[in-house]
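For what it's worth, UniProt numbering labels the leading residue of the sequence shown as 1, then goes sequentially. Each residue gets a CB set at the ideal place from its N, CA and C atoms; glycine is no exception.
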Amino acid sequence: MTITITAFERSPDGGKGLARDTRVRWALEEVGQSYDVRLLSFKAMKEPEHLALQPFGQIPTYEEDDLVLFESGAIILHIAERHAGLLPRDANARARAITWMFAALSTVEPPIVDRSVARFLEGDRSWYEERLTIVDERIRTRLGELSRYLGDDDWLDGAFSAGDLLMISVLQRIKSSGILDEYPNLSAYVARGEARPAYQRAFADQLAVFKAASTV
1 MTITITAFER SPDGGKGLAR DTRVRWALEE VGQSYDVRLL SFKAMKEPEH LALQPFGQIP
61 TYEEDDLVLF ESGAIILHIA ERHAGLLPRD ANARARAITW MFAALSTVEP PIVDRSVARF
121 LEGDRSWYEE RLTIVDERIR TRLGELSRYL GDDDWLDGAF SAGDLLMISV LQRIKSSGIL
181 DEYPNLSAYV ARGEARPAYQ RAFADQLAVF KAASTV
C-alpha cells in the first residue's frame with residue numbers, strides 16, 4: 001500500500017504551512033504512515049489528469065491503491081478511521097471528535113477564508129474596509145465562542161484528536177491578522193498543536209518544498 005498526496009509545486013502561503021496539504025501531512029505523521037508527494041504547478045492542477053482526481057482543480061488529493069479522495073477534511077477522516085491515533089476508541093468520544101472536525105471546517109473556517117478572499121481580491125473596492133470590519137466581527141464571534149468552550153483545557157474533548165488537528169489548522173490561518181492574539185487560550189492551543197512532533201515533521205516537509213521552489 002502506497003499513499004500519495006498532491007501539493008503545490010510553489011505554495012502561495014509563503015512557507016507558512018497554511019496550504020491544506022499540511023493538514024494531511026500532519027494527520028499521516030500523527031498515525032505513523034509514510035507517504036509520497038506529487039507536486040503540481042497551478043497549470044497542472046487545471047489539466048484533465050488532475051481534474052479526474054479533483055474535479056475542482058485543487059489540492060490536496062489522496063491516492064491509496066484504487067482509492068482516490070479529495071477535500072482535506074474527508075481525507076483526514078479516512079486516515080483517522082483507518083489508523084489508530086486520531087480518533088478515540090469510545091464510540092461517543094469518537095462521535096464528538098468527528099463533530100469537532102465538522103465544526104472546524106463548517107463553522108469556524110468560512111469567515112476566516114472569507115477574510116482572505118476580501119484582502120487579496122477585493123482590497124481595491126470602495127466598500128473593502130466596511131466589508132473587512134463585518135468579516136472580522138464574524139470571526140471574533142466564532143473565536144469568542146470557541147474560547148469560552150475550550151477554557152483552560154489543553155484540547156477540545158479530552159485527548160488530542162482529528163478535531164483538534166483541523167481546528168488548529170484553521171486557526172493558524174488567522175494568526176497573521178493579530179485577531180487570534182485577542183484570545184490567549186486559543187493562541188496557546190495553537191502553540192500546543194504546533195509543538196507536537198508530528199506537526200513539526202509535516203511543517204518541515206512542506207517548508208522544504210517552498211524553499212526548493214524559491215531557489216529555482
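Contact belief for residue i with residue j at Cβ below 8 Å, rounded distance in angstroms
| i | j | result |
| --- | --- | --- |
| leucine 146 | tryptophan 26 | With a Cβ gap of about 20 Å, leucine 146 and tryptophan 26 do not count as contacting. |
| leucine 40 | glutamate 9 | 6 Å |
| proline 111 | arginine 138 | 4 Å |
| alanine 80 | alanine 162 | 4 Å |
| glutamine 54 | phenylalanine 42 | With a Cβ gap of about 13 Å, glutamine 54 and phenylalanine 42 do not count as contacting. |
| glutamine 33 | histidine 78 | The Cβ separation is near 11 Å, so there is no contact. |
Residue closest to residue i, alpha-carbon to alpha-carbon, out of the options
| i | options | result |
| --- | --- | --- |
| leucine 156 | Met101, Pro197, Leu51 | Met101 |
| glycine 158 | Arg94, Phe210, Val209, Lys46 | Arg94 |
| serine 169 | Gly151, Arg196, Pro88, Tyr128 | Arg196 |
| threonine 107 | Met167, Leu77, Gln54 | Met167 |
| valine 24 | Glu130, Met45, Ala212, Ala74 | Ala74 |
| lysine 211 | Val117, Thr2, Pro12, Thr6 | Pro12 |
| glycine 15 | Asn185, Arg173, Tyr189 | Arg173 |
| valine 190 | Glu47, Ser214, Leu150 | Leu150 |
| leucine 87 | Tyr183, Thr215, Val31, Ser176 | Val31 |
| proline 184 | Asp152, Phe160, Ala84 | Asp152 |
| leucine 171 | Ala213, Trp127, Leu105 | Leu105 |
| leucine 67 | Ala52, Gly57, Phe56, Gln58 | Ala52 |
| residue 232 | Ala213, Arg125, Glu109, Ser214 | The displayed coordinates of the chain run from 1 to 216. Any statement about residue 232 would go beyond what the structure contains. |
Any non-hydrogen atom of the ligand NAD within 7 Å of residue i CB
| i | result |
| --- | --- |
| alanine 52 | Ligands in the displayed structure: none, and consequently the ligand NAD is not present. |
Neighbourhood of residue i by C-beta, 7 Å cutoff - its chain only, sequence neighbours within 5 removed
| i | result |
| --- | --- |
| aspartate 154 | Arg192 |
| aspartate 181 | Ser187 |
| proline 60 | Ile5, Thr6, Ala7, Arg20, Asp21, Val24, Ser72, Ile75 |
| threonine 2 | Asp36 |
| arginine 97 | Arginine is not the amino acid found at residue 97; the sequence shown has alanine there. For alanine 97, where only same-chain residues beyond five positions count, the Cβ hits under 7 Å are Leu87, Pro88, Asp157, Ser161, Ala162, Gly163. |
| lysine 46 | Gly57 |
| aspartate 65 | Met1 |
| alanine 44 | His50 |
Cβ-based neighbour list, residue i, same chain, cut-off 8 Å, excluding 5 preceding and 5 following
| i | result |
| --- | --- |
| isoleucine 179 | Asp136, Ile139, Arg140, Leu143 |
| aspartate 114 | Val135, Arg138 |
| serine 116 | Arg173 |
| threonine 99 | Gly163 |
| residue 224 | Here the chain covers residues 1 to 216 and nothing more, so residue 224 does not appear. |
| arginine 38 | Thr4, Ile5, Thr6, Ala7 |
| alanine 213 | Glu9, Arg10, Ser11 |
Residues near residue i in its chain [Cβ-Cβ closer than 6 Å; skip 5 each side]
| i | result |
| --- | --- |
| glycine 17 | Phe203, Gln206 |
| residue 273 | With the chain represented from 1 up to 216, any question about residue 273 goes unanswered, as that position is not in the structure. |
| leucine 132 | Ala118 |
| threonine 215 | none |
| glycine 85 | Glu30, Val31 |
Taking the runs of the beta strand (DSSP E) that are 3 residues or longer, which of them lie wholly in the UniProt domain "GST N-terminal" (8-87)? 36-40, 61-64, 67-70
Unbroken alpha helix (DSSP H) runs of length 4 or more, entirely within the UniProt domain "GST C-terminal" (90-215): which are they? 91-103, 109-121, 128-150, 162-172, 184-195, 197-214
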